[in-house]
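Everything below concerns the one structure shown next.
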Amino acid sequence: MSIGIFDSGIGGLTVFKEIAKEFPLADIYYLGDTARVPYGNKSPETVIRYSLEAAGYLAGFGIEALIVACNTASSYAIDKLRDNFDFPVIGVVEPGVEMALRHTKNGKVGVIGTQATIRSNSYKNLLEKKDIQVFQKPCPLFVPLVEEGITEGEIAKLIVKEYLDELIEKGIDTLILGCTHYPLLKNTIHQLYPHISIVDSSQAIVEFLHEHNIIFKGTGKRKIYITDEAESFKKFKEILVGNIPVERIDLSQICSL
Ligand code: DGL
Numbered sequence: 003m004s005i006g007i008f009d010s011g012i013g014g015l016t017v018f019k020e021i022a023k024e025f026p027l028a029d030i031y032y033l034g035d036t037a038r039v040p041y042g043n044k045s046p047e048t049v050i051r052y053s054l055e056a057a058g059y060l061a062g063f064g065i066e067a068l069i070v071a072c073n074t075a076s077s078y079a080i081d082k083l084r085d086n087f088d089f090p091v092i093g094v095v096e097p098g099v100e101m102a103l104r105h106t107k108n109g110k111v112g113v114i115g116t117q118a119t120i121r122s123n124s125y126k127n128l129l130e131k132k133d134i135q136v137f138q139k140p141c142p143l144f145v146p147l148v149e150e151g152i153t154e155g156e157i158a159k160l161i162v163k164e165y166l167d168e169l170i171e172k173g174i175d176t177l178i179l180g181c182t183h184y185p186l187l188k189n190t191i192h193q194l195y196p197h198i199s200i201v202d203s204s205q206a207i208v209e210f211l212h213e214h215n216i217i218f219k220g221t222g223k224r225k226i227y228i229t230d231e232a233e234s235f236k237k238f239k240e241i242l243v244g245n246i247p248v249e250r251i252d253l254s255q256i257c258s259l
């Protein structure tokens with residue numbers, strides 16, 4: 003079975019890594035829309051258009067399921083994607099909510115993400131239906147920090163504290179990393195707040211697939227496409243998924259510019 007995974011850039015590779023580990027025989031096609039990253043500060047209309055174009059490109063490989071490895075796209079475009087394509091479309095929000103519900107003991111959950119994800123209230127709305135108290139905060143500096151490779155050390159700690167101290171003071175016991183870039187900061191977050199349960203999209207989605215008995219099998223093919231050259235993508239690709247070759251495609255192949 004072949005699956006497509008897309009994100010605005012490198013973040014979705016954290017999801018790719020876990021899916022590839024869990025389903026070694028799945029054929030996986032990944033698209034990182036590096037020419038148009040970030041999605042997190044774009045309007046809902048733009049995020050929807052980019053998502054439909056990314057999915058349309060991956061559909062060309064005959065994929066049988068699509069994983070939206072971007073919280074921003076999952077927050078705005080999931081319904082439109084489901085309306086436009088016949089294959090199942092799995093986003094990261096629902097899995098993240100389910101995992102947080104399994105983890106929280108005191109019913110107080112923090113959600114961090116891009117400006118767009120937090121503005122959408124995608125996590126908040128689902129969690130509040132389950133009587134969870136939600137504390138949200140956009141963390142716009144986290145994406146460039148990760149892209150620069152500053153994921154550990156004093157600078158990373160200072161910036162993480164700047165955003166997260168306020169949420170921790172609210173008494174949350176669980177924190178949803180509502181952006182697929184953020185798992186790269188997980189060690190730093192854990193060092194600073196060891197008592198907090200961390201929910202990250204890559205683990206949440208693997209648990210979700212197991213819970214729902216979804217299994218991917220195929221020949222173990224892996225392909226990664228990006229829409230522009232990006233140094234940070236190459237660096238993180240090596241760290242996260244090793245020597246899988248990356249092919250650059252022209253943006254005109256996915257959108258009608
Ligand atoms: N990886 C994206 C997400 O999960 C964030 C990066 C971006 O702003 O494009 O929301």
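The sequence shown begins at 3 in my numbering and counts up by one. The C-beta atom is built at its ideal place from N, Cα and C for all residues, glycine as well.
Open item on the list: To test your reading of the DSSP string, which unbroken beta strand (DSSP E) runs of 3 or more residues are found completely within the region 121-146?
Closed with: 135-140
TODO: Specify the secondary structure class of T176 as computed by DSSP and reduced to three states.
DONE: The residue labelled residue 176 in the question sits at position 174 within the sequence shown. Looking at T176 - three-state DSSP - the assignment turns out to be strand.
Open item on the list: Tell me the DSSP secondary structure of C99 in three-state form.
Closed with: Taking the first residue of the sequence shown as 1, we reach residue 99 at position 97. A small correction: the amino acid at residue 99 is Val; Cys does not occupy that position in the sequence shown. V99 falls in the helix class under three-state DSSP.
Open item on the list: Out of G180, V49, T221, which one is the CA nearest neighbour of S203?
Closed with: Indexing the sequence shown from 1 puts residue 203 at position 201. For S203, the closest of G180, V49, T221 by C-alpha to C-alpha distance is G180.
TODO: Quick one: using the 10 Å Cβ neighbour count with 16 as the cut-off for buried, is Q255 buried or exposed?
DONE: As a first step, residue 255 is located in the sequence shown; it is residue number 253 there, counting from the start. The residue is exposed, with fewer than 16 neighbouring Cβ atoms inside 10 Å.
Task: Any beta strand (DSSP E) of 3 or more consecutive residues that is wholly inside the region 168-232 - done: 176-180, 199-202, 224-228
Open item on the list: For P97, which residues in the same chain have their Cβ closer than 6 Å to its Cβ, ignoring the five residues on either side in sequence?
Closed with: Locating residue 97 in the sequence shown gives position 95, counting from the first residue. These residues qualify, in order along the chain: A206, I207, F210.
- [ ] Pick out whichever of G11, M3, G6 has its Cα sitting closest to the Cα of K236.
- [x] Counting from one through the sequence shown, the residue named residue 236 turns up at place 234. The candidate whose alpha carbon is nearest that of K236 is G11.
Task: Residues that DSSP places opposite I5 in a beta bridge - done: Locating residue 5 in the sequence shown gives position 3, where the first residue counts as 1. In the DSSP assignment, I5 is bridged to I30, A67.
Task: K110 beta carbon less than 8 Å from that of I174 - done: Start at 1 with the first residue of the sequence shown, and residue 174 comes out as number 172. Start at 1 with the first residue of the sequence shown, and residue 110 comes out as number 108. It is a contact, given that the beta carbons lie within the stated cut-off.
Task: Same chain, Cβ closer than 7 Å to N122, five either side skipped, listed in chain order - done: Stepping through the sequence shown from its first residue, residue 122 is reached at position 120. The sequence as given places Ser at residue 122; Asn does not occur at that position. Excluding residues within five positions, the ones whose Cβ falls inside 7 Å are S77, Y78.
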